[in-house]
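No gaps in the numbering here: position 613 of the sequence shown is 1367 in the numbering used here, and each next residue is one more. Notes to accompany the following structure.
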Amino acid sequence: MKLYHTGFAVFVSLFFTQLAAAAPSADEQFLAARDALRAGDRSRLERLAPMLQGYELEAYVDYWRLLLDLKDVDSATVAAFLARHENTYVAEKLRIDWLRQQGKKQQWGAFDLEYPKLAQPEQDLVCYALQSRRAQGDASALDDALPLWLTLAEPPESCYPVLEALIVDKRVLADAVWARIRRQFEANKIAAAIYSMNYLPPSQTPDRKLAQTVAETPLPWLTRLSGDVAANRMTRELAVLAIQRIARNDPRMAAEQLNRIAPSLSAGEKGWAWSQIGWQGAQRHLPEAMEWYRQAGEAPLSDEAAQWKVRAALRAQDWGSVRSTIEKMPPALAAQPAWVYWLGRAYRAGGRLEEANALFMKIAGQPDFYGNLANDELGRPTMTPPKASPPSRDELLQVNANPGVQRALAFFRLNLRGEGVKEWNWALRTMSDRELLAASDIAQRAGMYDRAIAAADRTRHEHDYSLRYLAPYGEQVRPAARSQALDDAWVYGLMRQESRFITSAKSTVGASGLMQLMPATARWVANKIGLKDFQQSRVNDTETNLLLGTTYMRLVLDSLDNQPVLASAAYNAGPGRARRWRAERPLEGAVYAETIPFSETRDYVKKVMSNSVYYAALFDGRPQTIKSRLGVIGARTAGEAKGEELP
């Protein structure tokens, strides 16, 4: 063991020496080459390229040189680059760019040579591949394209020729066109929906101005609609689309309008409209939601409408509707852990214990919210798996020498995190568990905590949960948590979800630091605690961020019945919303989390609470139950909004 530590100390020393050793001039030249690419300055890029021969990111410079004039580059030059850099991320990037060029030019021979080598084809390239197959007379290409008709709400340009071929070949008729338009309205892709109206038969095609009126001012248009429209399909379809748009803002008004025009509609049209009102009502936790769904009858539900019907039934404790709705879901949707778990709960509520336990067994042990819940249902509290042996010196050296890892480390050294993350994730794709653990260890020692977690999260058989659930900055986090009497497992669970422990993290909406504080929240808390000379620039300082973040957690927790589920929702979406999402009667914490209307907050709360289970298991060394952490959420009360409102 002593020999291992001595050898590893040498490795660590070499590793950090390596990080600092690249000549500053080479780094500066690389950044200058990157600037030249962005400016389209070929002459400067060509002058810099020879100076970067042998540099660890030289392949990117070569890639940029090709990229500037890719439309004119011959296939032999591209093939030579790909051969030199095969199985690298930069080769994948060039291959994607090259394939797009060939697809646009319909050079299918060159396209077909490279397309099968793609690791992860993007949707536009999938459609170019379908175009290529059609050009070569492959009749099955349209069979493979047919599922895209309803799933691609806003298709890339390359998909339109394929979708339009379905129309020409009469694979898609008017019913399917209206179904596509409805799906696009559901997804709020209005411009795409109006374009899809061009595929309708002339007698059913509204002019663009009328379609925009229905989408933008649906209530005035609908209230002006008079007379029996039963014989006019275009008007009926536009009417139910107007109902859908009204429901997005006011489900009750939509229900009133639907009842008014219902005699003119077919059963299928009414069913879809009621399903849309039920979906929007369920998201708002309206008590009428289940009745609106019932009025939809046997109308097929979109995936989102079906999931929200289950959520409405959970809040109503209608286990029969939970069961029947999940059983009617498409197999791929029903197989998701959420619906496996809730179907198991519905079976248990109906006394079908053996079937319930069989479903819980499918997902028990999975390291996530539903795996934790299934563990509890089976009486198997959650514990971390046995810890894998640490990576050997040879394993560490081997992974550190991986060219993809080297490129990722170089990008991080240059503070080009976006490029570094892509290279790192590409390098992890084919790694064994032992290699992933070594990569995680390397990243953790380099202070790249998010990359350490990303690597440790991927292991399949050998695990190290102390890497998967890293707990850095302990000498600062734990005192900050103690000073606010907070559970440090919950604090770490929230931080892991917020920033992956990147002190410089900044979200697209402006939240900063380890605890991702919004500027207004940081100022409010600083003023609340009398933090003198506070400036926004201090938010990324670790101690300041932890002081403000943990103080805010305590204030939110105190204002929300000391309930971590509510407080987690409040931390992400605001205390006012967390309160409004309560029910008129107590809800189990898992149901509250499942029925949060915002998908981002719903996912966030589940992950924070599952994270806290694993941190508690690591910190306490004892099995944990997630239900004990989720608890029961008290009923909404009339006076709960009184008092100071937190940001």
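Even for Gly, the Cβ is constructed at its ideal location relative to N, Cα and C. Just so we're clear, the structure is a prediction, and the values are computed from it rather than from any experiment.
Asked, Found
"From 944, 897, 1082, residue whose alpha carbon lies closest to that of residue 921", "897"
"For residue 1120, three-class secondary structure by DSSP", "coil"
"Residue 1243 beta carbon less than 8 Å from that of residue 1304", "no"
"Cβ-based neighbour list, residue 941, same chain, cut-off 6 Å, excluding 5 preceding and 5 following", "907"
"Which of helix, strand or coil DSSP assigns to residue 1386", "strand"
"Status (buried if at least 16 other CB within 10 Å, exposed otherwise) for residue 970", "exposed"
"Among 962, 899, 1193, 810, nearest to residue 1149 - alpha-carbon criterion", "1193"
"Environment of residue 1063 [buried if 16+ CB atoms lie within 10 Å]", "buried"
"Rounded straight-line distance, which links the Cα of residue 1281 to that of residue 1289", "11 Å"
"Buried versus exposed call for residue 1011 [16 or more other C-beta atoms within 10 Å across all chains shown]", "buried"
"Residues near residue 1160 in its chain [Cβ-Cβ closer than 6 Å; skip 5 each side]", "810"
"Close beta carbons around residue 1026, own chain, < 7 Å, minus the five adjacent residues each side", "936, 994, 1053"
"Same chain only: Cβ atoms within 8 Å of residue 1104, ignoring 5 sequence neighbours per side", "1073, 1074, 1077"
"Buried or exposed by the 16-neighbour rule on C-beta atoms within 10 Å, applied to residue 1153", "buried"
"Rounded Cβ spacing between residue 871 and residue 849 (contact assumed at less than 8 Å)", "7 Å"
"Opposing strand residues paired with residue 1271 [DSSP bridges]", "1266"
"7 Å CB neighbourhood of residue 1299 in its chain, flanking five on each side removed", "1267, 1268, 1269, 1271, 1293"
"C-alpha gap between residue 1129 and residue 1250, whole angstroms", "22 Å"
"Member of 1371, 1311, 1387 whose CA lies at the smallest distance from the CA of residue 1348", "1387"
"Where residue 1260 sits in the DSSP three-state scheme", "strand"
"Close-in-space but distant-in-sequence residues of the same chain around residue 1183 (CB under 7 Å, 5 per side omitted)", "none"
"Residues near residue 1221 in its chain [Cβ-Cβ closer than 8 Å; skip 5 each side]", "1191, 1194, 1195, 1198, 1206, 1207, 1209, 1210"
"Distance, residue 939 Cα to residue 947 Cα", "7 Å"
"Own chain, CB closer than 8 Å to residue 1359, minus 5 neighbours either side, in chain order", "1319, 1322, 1323, 1326, 1347, 1350"
"Collapsed DSSP secondary structure at residue 1341 in the structure displayed", "strand"
"Minimum length 4: unbroken alpha helix (DSSP H) runs contained in the segment 1166-1231", "1171-1182, 1187-1199, 1203-1210, 1219-1222"
"Rounded straight-line distance, which links the Cα of residue 1187 to that of residue 1377", "25 Å"
"The segment 959-970 / the segment 1000-1020 touching (three or more Cβ pairs under 8 Å)", "no"
"Runs of beta strand (DSSP E) wholly within the segment 988-1059 (minimum 3 residues, chain order)", "none"
"Whether residue 958 touches residue 987 by CB criterion (8 Å)", "yes"
"Top-ranked residue by Cα proximity to residue 822, from 1084, 797, 806", "797"
"For residue 1436, three-class secondary structure by DSSP", "This structure does not reach residue 1436, given that the chain is present from 755 up to 1401, and the question cannot be answered."
"C-beta contact flag for residue 916 and residue 877 at 8 Å", "no"
"Beta-carbon contacts of residue 1265 that lie in its chain and below 7 Å, excluding the five residues immediately before and after", "1271, 1272"
"Contact under 8 Å by Cβ, residue 799 with residue 813", "no"
"Three-state class that DSSP yields for residue 1141 in the structure shown", "strand"
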